[in-house]
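In the UniProt record's numbering, the protein residues as written are 1 to 96.
Pasting the structure below:
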């Protein structure tokens, strides 16, 4: 009898929809050399070190996460407007 393979599910911080881990993009908050600062960016491999949150690959979900401050809650750190702008630029490149 073949065993059923478990598919890891994650929830988008923007829209709240549950999808398989492969369908979502991971955003990671990793410490930098300066202990006062952190680096926030996309983790396409899913293996980067740091606290992560998942988001759909749509601009609408990123905007929803910004409005609800869901990304800040999930990463347990303050996310600046500059960081959101950088994430938008990266997401535009990923969508292409």
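Cβ coordinates follow ideal geometry from the N, Cα and C atoms, glycine included.
- DSSP, reduced to helix, strand and coil, places residue 22 within a helical segment of the structure shown.
- Proximity to residue 56 across 91, 40, 37 and 75 peaks at 91, based on C-alpha coordinates.
- Around the beta carbon of residue 16, fewer than 16 other beta carbons lie within 10 angstroms, which makes this residue exposed.
- Residue burial is scored here from C-beta neighbours: residue 79 has at least 16 other C-beta atoms within 10 angstroms and is therefore classed as buried.
- Cβ contact annotation for residue 70 (same chain, cutoff 7 Å, sequence separation greater than five): 13 and 14, in chain order.
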